[in-house]
Amino acid sequence: SRVSSSSDALLLGVRPEKLRLDDNGVNSIKECVVTDRSFVGTSTQYLVRTPWDLELVVFEQNDEGLHDLRVGDKVSLEWDSQHTFGLDGAQDVNAGADLDDEE
């Protein structure tokens, strides 16, 4: 699909379930750090901080037996390019977000 924008700015996104804890792909972010992990039924949810201090959520199925990561472990993230989507970069990046400081 296509996105239209009123400026040259573009925001890229990837859904959390489409991120993988690996670095074999073309689309990857290296030098990330696990900041939290939670077992949530059939999957484990990892919070991962990027080198530019953005925290991302990554889900990994528990039955795959791929990783047993701990808080503080260094990881890389990857995703398939078909799972990337674009948003109008001129819009508020926090629009629709549930921000903690809003009471």
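Residue numbers (this note's numbering): 8 to 110.
Don't be surprised by glycine CBs; every beta carbon is placed ideally from N, CA and C.
Computed from a prediction, not measured in an experiment: that's the story for all the values here.
Environment of glutamate 62 [buried if 16+ CB atoms lie within 10 Å]: Stepping through the sequence shown from its first residue, residue 62 is reached at position 55. The residue is exposed, with fewer than 16 neighbouring Cβ atoms inside 10 Å.
Unbroken beta strand (DSSP E) run spanning arginine 56, endpoints: The sequence position of residue 56 within the sequence shown is 49, counting from 1. Per DSSP, arginine 56 belongs to the beta strand (DSSP E) from 50-56.
So, helix, strand or coil for asparagine 101, using DSSP? Taking the first residue of the sequence shown as 1, we reach residue 101 at position 94. Coil.
Beta-carbon contacts of valine 21 that lie in its chain and below 7 Å, excluding the five residues immediately before and after: Working through the sequence shown from its first residue, we reach residue 21 at position 14. Excluding residues within five positions, the ones whose Cβ falls inside 7 Å are Trp86, His90 and Thr91.
Measuring straight from C-alpha to C-alpha, what distance separates serine 4 and leucine 94? The chain is shown only over 8 to 110; residue 4 falls outside these bounds and no answer can be derived.
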